[in-house]
Every structure is written in C-alpha cells, then in structure tokens.
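Residues 11 to 416, numbered by my numbering, are exactly what the sequence shown covers, in order.
Everything below concerns the one structure shown next.
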Amino acid sequence: MAEHSAYPVGLRLAGRRVVVIGGGQVAQRRLPALVAAGADVLLVSPSATPSVDAMAETGEIRWERRRYQDGDLEGAWYALIATRDRAANDAASAEAESRRVWCVRADDAEAATAWTPATGRVEGVTVAVLSGNDPRRSAAVRDAVVEGLRDGSLTRNRPRTPGVALVGGGPGDPDLITVRGRRLLAEADVVIADRLGPRDLLDELPPHVEVIDAAKIPYGRFMAQEAINNALIEHAKAGKAVVRLKGGDPYVFGRGMEELQALAEAGIPCTVVPGISSSISVPGAVGIPVTNRGVAHEFTVVSGHVGPDDPRSLVDWASLAKLTGTLVILMGVDKIGLIAEALVRHGRPAGTPVAVVQEGTTATQRRVDATLATVGETVRAAEIRPPAVIVIGEVVNVAAPAGPAA
C-alpha cells in the first residue's frame, strides 16, 4: 500500500456518525473540524483534555467516559483512533476494517485506511494537502497556499462583485491589518486611503490599481466627508471594487458609519472589515497594558479633538476624572494641556502618570512620559505631533518584563 498515493476525497459528514477514540491532544485538534462539518460525533475515552471536556459540556459532541469496546464503530462512517494503548488501537482498527469504516490512526499512519490532510479554509475554499507520510511538508505547503489565497497573491477564479469595503487598516504597521483586509486590498480596483492608514501596503498594489489620497480629493463646494462619500459612490457605480482604507478601526472615531450610510442611500453594497484600534494596540506596542490586574479594571477611550470647555464637546470630563481606571485619548495632542487641567480640576491627582506615544507601531514610533501636571509642557517641549495616543493612569508605570526586542 505504501507504493500507492492516497486518493483525495472530501467527506460529507453532516448528520453522520463519527467515532473518536481517545480524548487527548489529537482529538482536541481534530474535533473542531468534525463539529464544523456537522458530524454526529461520539467520543469514547476514559479522560479528555479540558478543551474536549468543554465541547462535551456544551453538547457539541457526545462523550462516553470509558475505554474502547468492540462494537463501538457500529453505524460509523468515519473513525479517528488516537489513544496511547497500541492494543486498543489495533482492535479498533481491525473493527473499522471489518465494518468498512474509513479509519485514521494517530499512532500508525501505515496501518490506517485514511489519512488526515493538512487543511486550511479561506472564504469557502478548503485547501487539503497530502504528501505521503510527511506531515511537516504537508503543513508547509498548506500554509503557503492558504496565505496566498488570503493576501491575494495567489490568483483565484472567483466572482467579483463591485462595491465598497470599509477596511480598518490598524495603527500603522502594515503587518497589523487583518487578513481579510489585506485580501480585499489585493482585489481592489480603486483604493481611497487616509493618511493614517498603513501606507506601506499601497506599494504592494498592482500597477493598475488607482490609489486616491482622501486628503487630496478636490472638495470644491462639498465638505471633505461629503466629497469622499461621493468618490466612493462614483467609483462603485462605475463597476469598480473599491476599498476605503482607514486607519485603526472604521467605527472608532473613523466616520465609517457616515460613509456606510451614504453608500446605503445610494444603493451601493458595502462590507465593513474591523481593524485593530490604536487605542489598544499603540499602548501595547510600547509595553503599556490598558488594563492590569490590581491596577486598572477598566479603560475608557475618548476623542480629544475638541477641548473640555468647547461647547461642541460631548465628553463628561468631570465623570472621567472620578474613574480610577485607564483613560486613552485619541486626537488630543493639541488639547492635552487643557484636558489635563480639566481632569485635575475635577479631582484626578496631578501626579497621575501619562504616556504619549507618537506614530505608534511604525518605524518612527516614540514615547514620552509625564504626569497630568506636566504633560502639556512636555508635549510642547518634545514637539509631539499627531498621530499620537495618550494614556493616562497607573498602567503607564507597569513595567514590561525585560527580554529581547520583538
């Protein structure tokens, strides 16, 4: 049998009996895919890992807490044998052979009648790789194919639907965009980008992709946001696949909802792809956890684009000053002095630590530390400029463990 290659086939197991013998690490890895396939899974094992136990507790699988017995494979369509007992494995394998049940053995691939391929899934496409008895090679090939499908570098024949995707690009590091966001970029005809988006990704786009700087769209008689909305609608109505590449997350001070509403009114289909918000990722990039056991049990994200005394402000600074957790301020560089004064005036201690992180996660990232009493002058003296994330609270002084740089 070793001289012949395996015949690949996709098993449709929905509603069909699958027996898994052994509740250890192999079962923990394989069970989620069997459940996702809709299989009626019976686990036979005297013990199981906590994760497998949890699947039984939630009713995803049935678990008989005992050792394998002859007859357990009656009515089964597929069996996974994964115990440490060679004799039990041989007996179960023999039963599978006699009942003509396809059987995978974790301990002896040559004794099995089926092999589990290295699999990956990307938007309805299942990639399954078999390379004989070399699982590492299978996994490596699988990973390469899946990554190519995800980032768009591997061409796919798929129907392209014109429309708009609002993509959160993350805090700036091109590696921090989501997998889905990166794939949609690779499939785009037009990209309308904010200056705070991950600019390095634009260099990866094919030459035919039209890249439009949102800051340079001619506004004329339109307000800036209205002009951007019109550009999205115009290109989508022309049959283009349009990506609106935004920094951070589209819905965290990103005006993504305004764009979504404009597109909906124009009858343009729109996909929203969440992004990693700078409010969490930038503090993390400089070793600041926004929460920490015994230090902060909550964090609040606030827009600082208008000052505390501005009648347009919707922020209750007096209430924020009474909180003991972490305060994260976005778009507040030029107002941080006024914000700090308001917080102190309403009761936050003047000595509260503050960290200001400019251009976080990028090559030009830098951090300056201060207190509420000194942050206004510190920011001016250090010539901090936007974009910057401001973190206020005791978490600023939580030291990250020493170790090699990432």
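Glycine included, each C-beta is placed from N, C-alpha and C at the ideal position.
Query	Result
Can you find the residues in the same chain that come closer than 6 Å, C-beta to C-beta, to tryptophan 112, ignoring five residues on each side of it along the sequence?	Tyr88, Thr123 and Ala124
Exposed or buried, glutamine 368, counting other C-beta atoms within 10 Å across all chains shown (16 or more means buried)?	buried
Given a cut-off of 9 Å, decide if glycine 257 and proline 208 are closer than it, judged by their beta-carbon atoms.	yes
Whole angstroms are fine: how far does the CA of leucine 242 sit from the CA of leucine 229?	Here the sequence assigns tyrosine to residue 229, which means leucine is not the residue at that position. Whole-angstrom Cα-Cα distance: 14 Å.
Out of Ala106, Val45, His245 and Arg77, which one is the CA nearest neighbour of tyrosine 86?	Looking at the sequence shown, residue 86 is not tyrosine but alanine. Looking at the Cα atoms, Ala106 is the closest of the given residues.
Using the Cα positions of arginine 75 and arginine 96, report the straight-line distance between them to the nearest angstrom.	19 Å
Taking arginine 376 as the reference, give the member of Asp319, Arg27, Ala128 and Pro397 with the closest Cα.	Pro397
State whether the stretch 272-283 contacts the stretch 293-300, with contact taken as three or more CB pairs (one from each stretch) at a distance under 8 Å.	no
Would you mind working out which of Val156, His307, Leu382 and Arg109 sits nearest alanine 128, comparing C-alpha positions?	Val156
Can you list, in chain order, the stretches of the beta strand (DSSP E) that have 3 or more residues and sit fully within the stretch 120-152?	128-132 and 135-139
Could you please give me the residues that DSSP links to tyrosine 88 through a beta bridge?	Val28 and Trp112
Should glycine 173 be counted as a contact of the ligand ZN given a C-beta to heavy atom distance under 8 Å?	The model depicted lacks the ligand ZN and carries no ligand whatsoever.
What are the boundary residues of the beta strand (DSSP E) that includes serine 313?	309-313
Near isoleucine 187, what residues of its chain come up, given a Cβ to Cβ distance below 6 Å and the 5 sequence neighbours on each side ignored?	Gly179, Gly180 and Pro208
What are the uninterrupted segments assigned as alpha helix (DSSP H) that are 4 or more residues long and contained completely in the stretch 339-406, given in chain order?	346-355 and 385-391
For the alpha helix (DSSP H) holding lysine 332, just list the boundary residues, first then last.	327-332
Could you have a look at alanine 101 and say whether DSSP puts it in helix, strand or coil?	helix
Just mark aspartate 326 as buried or exposed, buried being the case when its beta carbon has 16 or more other beta carbons within 10 Å.	exposed
If you count every other CB in all the chains shown that lies within 10 Å of the CB of histidine 245, and 16 or more means buried, which is it?	buried
Pull up the distance between the alpha-carbon of valine 253 and that of glycine 191, whole angstroms please.	9 Å
State yes or no: is the C-beta of aspartate 344 within less than 9 Å of the C-beta of valine 364?	no
Could I get the ranges of all uninterrupted alpha helix (DSSP H) runs contained in the stretch 198-249, with 4 residues as the minimum, in chain order?	234-247
Whose C-beta lies closer than 7 Å to the C-beta of leucine 194 among residues of the same chain, with five residues either side of it excluded?	Ala175, Val177, Val253 and Val283
Using only the alpha-carbon positions, how far apart do valine 36 and alanine 116 sit?	7 Å
Take the Cβ of methionine 65 as the centre, count every other Cβ of all protein chains shown within 10 Å, and call the residue buried at 16 or more, exposed below.	buried
What does the alpha-carbon distance come out to for the pair asparagine 167 and glycine 386?	Bear in mind that the predicted position of asparagine 167 carries a pLDDT of just 49, short of 50, making it unreliable; the figure below should be weighed with that in mind. For asparagine 167 and glycine 386, the distance between alpha carbons rounds to 55 Å.
For a test of the three-state rule: what should DSSP assign to glutamate 67, helix, strand or coil?	helix
Which word fits leucine 337, buried or exposed, when buried means at least 16 other C-beta atoms lie within 10 angstroms of its C-beta?	buried
For arginine 152, is the classification buried or exposed, using 16 other Cβ atoms within 10 angstroms of its Cβ as the cut-off for buried?	buried
For glutamate 107, which residues does DSSP report across the bridge?	According to DSSP, glutamate 107 bridges with nothing at all.
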